[in-house]
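The next block holds one structure in the form of structure tokens; read it before the comments.
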Amino acid sequence: MSRYSPAGWAFAAPAMIMLGLFFFVPVLLAFALSLTDFDLYALANMDDLRFIGFGNYAELLRTPLFWKALGNTFYFVIVGVPLSIALSLGAAMLLNGVASKLVGLFRTALFAPVVTTLVAVAVIWRYLLHTRYGMLNYGLDNLGIDPVDWLGDPNWAMPAIILFAVWKNFGYNMVILLAGLQTIPNDLYEAARIDGANGWQQFLHVTLPGLGPMLLLVSILTMAGYFQLFAEPYVMTQGGPVESTVSVLYFMYEQGFKWWNLGFASAVAFILFVIMFAITAVQYRFAQSRGVA
Amino acid sequence: MRLLLTLAFLLLFGCGGRDDGREVLKFWAMGREGEVVAELIPEFERLNPGIRVELQQIPWSAAHEKLLTAFAGNVTPDIAQLGSSWVPELVAMGALEPVDTLAAASPSVRAPDYFAGIWGGNVIGGRTWGVPWYADTRLLFYRSDLLRAAGFDEVPGDWAGWLRAMRAIKRNGAARDYAIFLPINEYEPLLALALQQPEPLLRAGGRYGNFRSPGFVRASNFYLSLFDQGLAPRATNTQISNIHDEFAKGHFAFIITGPWNIGEFKRRMPAERQDDWMTAPLPGPTGLGLSIAGGSSLGVFARSEHKAAAWKLVEYLSRPAVQLHFFELTGDLPPRRSAWAAPLLADDRYAQAFRAQLERTEAPPAVPEWERIGQQMRIVSERAVAGQITPAQFRATLDSDTDAMLEKRRWKLAREAAR
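Chains as they are written, first to last, in the numbering used here: chain A, 1 to 293; chain B, 1 to 419.
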């Protein structure tokens, strides 16, 4: 029997065609675009399009704002992802640990930010973060801390964006981790307790290994999502103040749709793709070596 | 099947429901102007019963990219409000229709009635691509009481006198007060000073940056010296949370800003300070100087099939009486002199400096890359103000960055010349 059965191909074909048409072809076209200097002039007249090889990539590595955007994005990912996962895990464990009728209510309440519209809640957050009338500064004031110009101060704008993004997203991971926690058999905890393990040791040696594959999934998804930081700075700060919240994707958007340098913007997209691919691969390797994937 | 037919029927009528046989004119207007112009349209439709204006209001923050996307997607409107800096870009793409012949034949749109600098911003390659709708420029808002206390009855007209006044104000003030606020994240003040110089900002027909010319050296040294002498704070406008409040407290006596602030200052300066502020034309190197020609124009799109109707709307919105009404609604300054003769503007004491300044404006270089060059000017000058680079390095960097941005333009011009 042939290894390539026609029936198998027939079944796979619809998915393959869709994937090819809507993923591989656009990706290839985008890559081709990134090798040209497609810009306003080319938009008006295709004769003005030049093939420049890897010129965009070389140019990109010489652009200080790109490095700044990359730095900002890493700042956001390195602080935001662990914070978000820790918060999700904490919330999931609280919801899992208590037996109360209110669990359902809390689960819904904590998940609610995920299903809200980002632009709408950003308006509310702008009020919360307002220097003079914001609730956050009101709280700080009660603690005797001077008001912080959250979205106007270059040092505070990114922490404010992180706070907002973590609040907006942690509910999603919480639900996944909650499902994971419920699959860990109670016997394991019981056995650990009999062996004299305290709460922290139970967490370290029962909960975390039990959640291994879930945590891997969650961290890959979260990291991929957080690298694509865009909407938060777009609606909250427009990349400011002093470019302190320009992310790689925001930089790409400005290049592509503000200045219409689509060739250059495509190069940004591919660099971001390479970075994310590399990091996910490392993550996966790490998880494999620990035997969770 | 019957359901399908009904649906098709509904769709047909749903779309055609508003089709009343009138010519439909698609008009895009931005931000506040977009909201306000809706009030002016019914009168236009009454005067032109055959035309229905479909007004599309677009927020300023998205307007530029919407226009470019519309061009790429072949769905440009018939007529649109154009920010002055977009005109060169749209002209380079061939998106606009020249209006010279229409304007020459028009009884109402008369070019000589317009402020020359404002009109000039729409002339590229010897042809006119838009009709100014309202004018914008930058000049001085100042604290008249602080100036008097420093021994000056009015703002001196040249840099030397202006500098003396600023030093005197600084001496009079408290240690943490300044003479002038130049937000370091805005490039317009430096641009205005640079436009006052005889040399153009770009050389060789907009092919290279000209930022090491004697003129730009003078302008940038003057600008940077204001920070070095402690006359201006090294602060962005996001760090000064309430500029009106700081101005009222006398933390600085001069601001270089635009006409929208007349209304803002009237509203937001405390009552006891209302008589202590005034506007003045921008001092120049050797007497009253030029400032930036800005504002919005009305442009007719090349792909429009309703150009005649679009031009009628341009003519209507350009009528002095309509422009005055528009000024009342928005505070946007009319671009033509005849509108300024009306008492509403002639008697406004804060507007007089703008009237004088509008006679002395110049548009930034008309190349599509200008907006990006301006942004670069802001980013690099911020570093020069902070002392991270010397003034000479600032000008050299700006020149090389600009030359890099203009590379495609040079290539295109060379290719066109070779043909």
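C-beta: ideal position from N, C-alpha, C; glycine also.
Would DSSP call residue i helix, strand or coil?
i: B/Gly17; result: Only weak support is given to the placement of B/Gly17: the predicted model assigns it a pLDDT of 44, under 50, and the value that follows is read from those uncertain coordinates. Reduced to three states, the DSSP call for B/Gly17 is coil.
i: B/Glu416; result: helix
i: B/Ser213; result: coil
i: B/Pro336; result: Looking at the sequence itself, residue 336 of chain B is Arg, so the reference to Pro does not match. In the structure shown, B/Arg336 sits in a strand (DSSP, three-state: E or B).
i: B/Pro42; result: helix
i: A/Tyr4; result: coil
i: A/Asp39; result: coil
i: B/Glu407; result: helix
i: A/Ala294; result: Residue 294 of chain A is absent from the model: chain A starts at 1 and stops at 293.
i: A/Trp150; result: coil
i: B/Glu54; result: strand
i: B/Ala353; result: helix
i: B/Asp177; result: coil
i: B/Met1; result: Interpretation of B/Met1 is limited by its pLDDT of 49, a score under 50 that renders its predicted location unreliable; the figure taken from the coordinates is listed afterwards. Here B/Met1 sits in coil by DSSP.
i: A/Phe270; result: helix
i: B/Leu358; result: helix
i: B/Leu12; result: Bear in mind that a pLDDT of 49 at B/Leu12, under 50, signals an unreliable position, so the number given afterwards is only what the model happens to contain. Correct three-state label for B/Leu12: helix.
i: B/Ile118; result: helix
i: A/Ile52; result: coil
i: A/Arg290; result: coil
i: B/Thr402; result: helix
At what residues does the beta strand (DSSP E) containing residue i begin and finish?
i: B/Gln81; result: Ile79 to Gly83
i: B/Thr257; result: Phe254 to Thr257
i: B/Phe27; result: Glu23 to Met30
i: B/Phe141; result: Leu139 to Arg143
i: B/Tyr134; result: Val131 to Asp136
Are the beta-carbon atoms belonging to residue i and residue j less than 8 Å from one another?
i: B/Thr423; j: B/Phe354; result: A question about residue 423 of chain B goes unanswered here, because the residues of chain B that appear run from 1 up to 419.
i: A/Ile220; j: A/Thr183; result: no
i: B/Trp162; j: B/Gln81; result: no
i: B/Val217; j: B/Arg360; result: no
i: B/Leu298; j: B/Ser291; result: no
i: B/Ile51; j: B/Leu25; result: yes
i: B/Ala280; j: B/Glu362; result: no
i: A/Tyr189; j: A/Gln202; result: yes
i: B/Tyr142; j: B/Val123; result: no
i: A/Ile124; j: A/Pro233; result: no
i: B/Leu202; j: B/Ala219; result: no
i: B/Ala253; j: B/Leu147; result: yes
i: A/Leu21; j: A/Phe251; result: no
i: B/Pro107; j: B/Thr128; result: no
i: A/Asn173; j: A/Ile85; result: yes
i: A/Leu211; j: A/Leu178; result: no
So the alpha helix (DSSP H) residue i belongs to, where does it begin and stop?
i: A/Trp167; result: Pro154 to Thr183
i: A/Tyr189; result: Asn186 to Ile194
i: B/Lys266; result: Trp260 to Arg268
i: A/Phe251; result: Val248 to Tyr253
i: A/Ile78; result: Pro64 to Gly97
i: A/Tyr127; result: Leu118 to Leu128
i: B/Ala342; result: It is not in any alpha helix (DSSP H) - B/Ala342 carries neither H nor E in the DSSP assignment.
i: A/Met223; result: Leu208 to Phe227
i: A/Ser100; result: Careful: A/Ser100 lies outside any alpha helix (DSSP H) and carries neither H nor E.
i: B/Ala384; result: Trp370 to Val385
i: A/Glu59; result: Gly55 to Leu61
i: B/Ala95; result: Where B/Ala95 is concerned, there is no enclosing alpha helix (DSSP H), given that its DSSP letter is neither H nor E.
i: B/Arg171; result: Trp159 to Asn172
i: A/Gly139; result: Met135 to Asn142
i: A/Gly199; result: Gly199 to Gln202
i: B/Leu201; result: No alpha helix (DSSP H) holds B/Leu201; DSSP gives it neither H nor E.
i: B/Glu246; result: Ile243 to Ala248
i: B/Val367; result: Where B/Val367 is concerned, there is no enclosing alpha helix (DSSP H), given that its DSSP letter is neither H nor E.
i: A/His205; result: Counting along the chain, A/His205 falls outside any alpha helix (DSSP H), and DSSP gives it neither H nor E.
i: A/Val242; result: Careful: A/Val242 lies outside any alpha helix (DSSP H) and carries neither H nor E.
Closer than 7 Å to a non-hydrogen atom of the ligand COA - does that hold for the CB of residue i?
i: A/Met18; result: Summarising the ligand content, the structure contains no ligands, and the ligand COA is consequently not present.
>> Please identify, using Cβ separations under 7 Å, the residues of the stretch 21-54 of chain A that lie next to chain B, in order along the chain.
In response: Asp37, Asp39, Leu40, Tyr41, Leu43, Ala44 and Asp48
>> Counting only Cβ-Cβ distances shorter than 9 Å, please list the residues of the stretch 71-98 of chain B near chain A, keeping chain order.
In response: Phe71, Ala72, Glu89, Ala92, Met93, Gly94 and Ala95
>> Could you tell me which whole beta strand (DSSP E) segments of length 3 or greater appear in the stretch 268-331 of chain B?
In response: 277-280 and 294-300
> Quick one, which residues of the stretch 171-203 of chain B are near chain A if we go by CB-CB under 8 Å, in chain order?
Replying inline: Asn185
> Got a sec: which bits of the stretch 91-103 of chain A sit with their beta carbon under 7 Å from any beta carbon on chain B, in order along the chain?
Replying inline: none
>> If the cut-off is 8 Å on Cβ atoms, which residues from the stretch 260-282 of chain A count as contacting chain B, listed in chain order?
In response: Trp260
>> Give me the subset of the stretch 55-70 of chain B whose CB atoms are less than 9 Å from a CB atom of chain A, sorted by chain position.
In response: Ser61, His64, Glu65, Leu68 and Thr69
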